[in-house]
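In the numbering used here, the protein residues as written are 248 to 366.
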């Protein structure tokens, strides 16, 4: 199933829960390659906050375009991970989504930096 009404990743993760069968053990997370580290970070946080422990299998879709544009998108993703995501996790009324560990944040930022280095 695809959740398509949300405008930000944290809402997308939260709304996706309704599509998951109780016997579900694994989900496939599909998004652009540059967005995958943050999407995975957010989905893990949202699912953990709801007591869900699915295996989240990332399936990044390669983004095409100019190198300069991709570099900027990746820099924007780092900014979003560090600055926006902590606030985004507080936007679902009545739902407490704790920040993942600093180590987990560092892993996500490192993944984005690795993509930047490859360009």
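Even for Gly, the Cβ is constructed at its ideal location relative to N, Cα and C.
Delimiting residues of the beta strand (DSSP E) encompassing residue i
i, result
"residue 274", "273-279"
Alpha-carbon spacing of residue i relative to residue j, whole angstroms
i, j, result
"residue 234", "residue 297", "The requested residue 234 does not occur in the structure, where the chain is confined to residues 248 to 366."
"residue 318", "residue 272", "35 Å"
"residue 258", "residue 366", "30 Å"
"residue 334", "residue 341", "14 Å"
"residue 299", "residue 351", "18 Å"
"residue 295", "residue 264", "11 Å"
"residue 330", "residue 255", "14 Å"
"residue 276", "residue 308", "10 Å"
"residue 281", "residue 251", "19 Å"
"residue 315", "residue 270", "44 Å"
Counterpart residues of residue i in DSSP-defined beta bridges
i, result
"residue 304", "275"
Extent of the continuous alpha helix (DSSP H) to which residue i belongs
i, result
"residue 325", "314-326"
"residue 268", "From DSSP, residue 268 is part of no alpha helix (DSSP H); its letter is neither H nor E."
"residue 352", "349-365"
"residue 293", "283-296"
"residue 333", "332-335"
Cβ-heavy atom distance, residue i to the ligand ATP, below 7 Å
i, result
"residue 363", "Judged by which ligands are present, the structure shown has none, so any question about the ligand ATP falls away."
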